[in-house]
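S.K.: Under UniProt numbering, the very last position in the sequence shown is 473; numbers go up by exactly one each time. Don't be surprised by glycine CBs; every beta carbon is placed ideally from N, CA and C. All values reported here derive from a predicted model rather than from experimental measurement.
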Amino acid sequence: MAEDDSPVLFGFICPNCKTDLGNATELLKHYEEEHSEEQDILKSLKDIFGKAKKRILKQDENNVASPGASSSSKVQPVSSIITSEAVNPQTIGSFKCHTDAFKRIRNDRIERFSAETNKLIIRLDKLLMGMPHDPVKKKAHEQAVVPWLDGANVSRCPECTRSFHLARRQHHCRLCGAIMCHDCSHFLNLQTAKEILMGPKEQELSPPSEQELRLCIHCYRLLENRKLMTDTRNCKPLLAEYYEILSEFHKEANKLTQQFLKMSESLNAGETMYKLSDAQTLRLQIGKLAENIDTTSRKIESFGRKNGANISELQLRLQSAIRVATKSYLCTELLQLPSLPTEEQLLGLQEKRRCEIEQRIQEEKQSQISQRTPNIRTSVSHLQTSKNEGGATLEEGWKPENAQMYTSEDPMIQQMNILRGYIKQARAAHMYDEVASLEKNLQELMEEYYKQEYQKEDTFVQENQLEHAEHFS
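Below is the structure:
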């Protein structure tokens with residue numbers, strides 16, 4: 001067979017006339033029109049193109065009626081194609097649950113250790129109760145609570161396996177009576193033992209003690225675990241204490257901020273209910289609270305970072321989130337308070353408000369004169385409605401402490417002195433609404449007192465004049 005030196009052609013080439021048709025559709029059309037007599041080759045070409053299209057569209061051969069019809073069928077979207085994995089999901093293999101076995105083993109272990117620890121706590125309580133100071137009586141007391149093992153048949157220490165002799169004597173655990181040497185002994189201070197029994201708060205009241213109890217390693221570890229668990233339950237972490245302090249600062253700042261906004265609005269409106277000095281003092285206190293909040297949040301953010309403590313990534317993110325939230329709170333709530341008017345501005349605002357009130361009173365008088373036939377029923381119903389709406393409820397009550405009793409014969413002077421004490425307490429508690437109300441009451445009492453004094457003086461002068469007139473007559 002002679003070698004063919006013709007070049008290799010690529011593309012959609014007609015096998016008979018070697019013409020490049022460009023795509024599969026043009027090639028099939030060309031072959032049906034120009035080379036229709038060669039049906040076998042045409043059929044093979046259709047089969048090849050049909051299989052290629054089915055592979056591209058991932059269709060099953062059973063869904064195609066004929067190879068010729070596959071070329072003219074509509075192409076389905078990819079979203080409608082259902083794979084074999086979705087039709088036939090994978091079945092879960094055999095498995096066995098070990099949760100019950102784990103809980104049973106864990107409960108048995110916890111019960112064993114808790115039962116042993118409770119026995120040791122009971123024995124420790126009996127040992128400390130009425131422990132004598134005499135060594136002989138103390139030894140008898142310890143043996144009466146916990147029987148000691150006989151050391152006649154024990155020649156070696158169970159812990160270190162070293163033999164007992166004259167220099168290495170036998171010792172007994174005061175809680176279980178086991179035998180050990182001095183090197184394997186552990187000593188529990190009586191003060192620590194009382195902390196385990198009564199807690200650290202009750203132990204602070206008792207005087208410290210230098211006496212110790214000899215224990216084996218097993219009893220010592222059980223008591224040490226109990227003390228660690230008790231300390232963890234009773235003692236709060238330092239980070240939690242910082243956060244509680246921060247929360248208290250937040251509550252106090254919110255309370256003072258609401259009061260300051262109320263006072264600022266009243267002063268800027270020209271009202272005389274609050275004093276400018278009280279509002280300025282309150283603003284300074286809010287500034288100090290903002291500094292304390294910022295300092296505490298910085299401590300929370302830097303907690304455990306400088307000393308290289310083993311802190312989880314989740315806790316570090318929590319500390320950073322607290323710092324970010326605090327900065328946002330400071331910027332939006334405490335550092336954007338409205339400004340207060342100066343003394344001159346306050347006087348101008350008060351004068352303006354006084355003029356507006358006088359003008360309003362004049363307008364109301366004119367309207368009353370023009371309406372000579374008022375509706376009695378309407379006025380009565382309006383009066384009842386105003387009485388019902390006039391009742392105010394306090395969200396947060398404030399009660400002053402018992403005022404100092406003043407030894408004055410005049411009851412009005414006593415009432416004024418008591419009111420002055422209440423005003424001082426309310427100003428210290430930042431209850432400026434109560435301060436304004438109490439000062440108003442004090443002013444009314446003082447006016448009434450001076451009025452009565454003037455009346456007494458006038459009466460006294462008139463009586464003297466009458467006496468002089470009668471005397472000269």
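Roughly how many whole angstroms lie between the Cα atoms of residue 268 and residue 239?
M.R.: Each residue's Cα considered, the two are about 42 Å apart.
S.K.: Contact between the stretch 327-345 and the stretch 253-271: three or more CB pairs below 8 Å?
M.R.: They touch, by the three-pair rule.
S.K.: Suppose the cutoff is 8 Å on Cβ atoms and the five residues either side in sequence are ignored; what does the same chain contact list for residue 352 look like?
M.R.: Within the same chain, residue 352 has close Cβ partners 270.
S.K.: So residue 98 is in the alpha helix (DSSP H); what residue range does that whole segment cover?
M.R.: No alpha helix (DSSP H) holds residue 98; DSSP gives it neither H nor E.
S.K.: If you run the structure through DSSP and keep just helix, strand and coil, what is residue 252?
M.R.: Residue 252 falls in the helix class under three-state DSSP.
S.K.: Buried or exposed: where does residue 11 fall if 16 or more other Cβ atoms within 10 Å of its Cβ makes it buried?
M.R.: Counting Cβ neighbours within 10 Å, residue 11 comes out exposed, since fewer than 16 surround it.
S.K.: Kindly list the residues whose CB is nearer than 8 Å to the CB of residue 22, restricted to its own chain and excluding five residues on each side of it in sequence; keep chain order.
M.R.: Contacts found: 11, 12.
S.K.: Quick check on DSSP: helix, strand or coil for residue 304?
M.R.: Here residue 304 sits in coil by DSSP.
S.K.: Taking 8 Å as the cut-off, does the stretch 215-227 touch the stretch 248-258 (at least 3 CB pairs, one atom from each stretch)?
M.R.: Verdict: no, contact absent.
S.K.: For residue 79 and residue 31, I'd like the C-alpha separation in whole angstroms.
M.R.: Caution is warranted here: a pLDDT of 44 is assigned to residue 79, below 50, making its placement in the model unreliable, and the coordinate value is therefore given only provisionally. Going from the Cα of residue 79 to the Cα of residue 31 covers about 35 Å.
S.K.: I need the straight-line Cα distance from residue 20 to residue 14, nearest angstrom please.
M.R.: Cα to Cα, residue 20 sits roughly 7 Å from residue 14.
S.K.: Nearest to residue 181 by alpha carbon, out of 331, 421, 163, 213?
M.R.: Of the listed residues, the one whose Cα sits closest to residue 181 is 163.
S.K.: Classify residue 438 as helix, strand or coil using the three-state DSSP reduction.
M.R.: In the structure shown, residue 438 sits in a helix (DSSP, three-state: H, G or I).
S.K.: Pull up the distance between the alpha-carbon of residue 459 and that of residue 279, whole angstroms please.
M.R.: Answer to the nearest angstrom: the Cα atoms are 45 Å apart.
S.K.: Within this structure, are the beta carbons of residue 426 and residue 438 separated by less than 8 Å?
M.R.: Yes.
S.K.: Can you tell me the Cβ-Cβ gap for residue 148 and residue 172, rounded? I've got them flagged as a contact below 8 Å.
M.R.: Their Cβ separation, rounded to whole angstroms, is 4 Å, which keeps residue 148 and residue 172 in contact under 8 Å.
S.K.: From the DSSP secondary-structure annotation, give me the bridge partner or partners of residue 214.
M.R.: Note: residue 214 sits in a beta bridge opposite 187.
S.K.: Counting only beta-carbon separations shorter than 8 Å, does residue 290 have a partner in chain C?
M.R.: In summary, chain C is missing from the structure at hand, where a single protein chain is found.
S.K.: Report back the beta-carbon spacing between residue 316 and residue 294 to the nearest angstrom; my notes put them in contact at under 8 Å.
M.R.: That belief does not hold up - the Cβ atoms of residue 316 and residue 294 are roughly 20 Å apart, past 8 Å.
S.K.: Would residue 214 pass as a contact of residue 174 if the rule is Cβ separation under 8 Å?
M.R.: Their beta carbons are under 8 Å apart, which means residue 214 touches residue 174 by this criterion.
S.K.: Between the alpha carbons of residue 421 and residue 356, how many angstroms are there, rounded?
M.R.: Roughly 35 Å separates the two Cα atoms.
S.K.: Under 8 Å, do residue 120 and residue 223 count as touching if we go by C-beta distance?
M.R.: The answer is yes: Cβ separation under 8 Å.
S.K.: Near residue 453, which residues of its chain fall below 6 Å by C-beta distance, leaving aside the five closest residues on each side in sequence?
M.R.: Here the set comprises nothing.
S.K.: Fully enclosed by the stretch 265-350, which alpha helix (DSSP H) runs are 4 residues long or longer?
M.R.: As far as the stretch 265-350 is concerned, its whole alpha helix (DSSP H) runs of at least 4 residues are 276-301, 313-329.
S.K.: Going along the chain, which residues of its own chain have a beta-carbon closer than 8 Å to the beta-carbon of residue 192, five neighbours each way excluded?
M.R.: 227, listed in sequence order.
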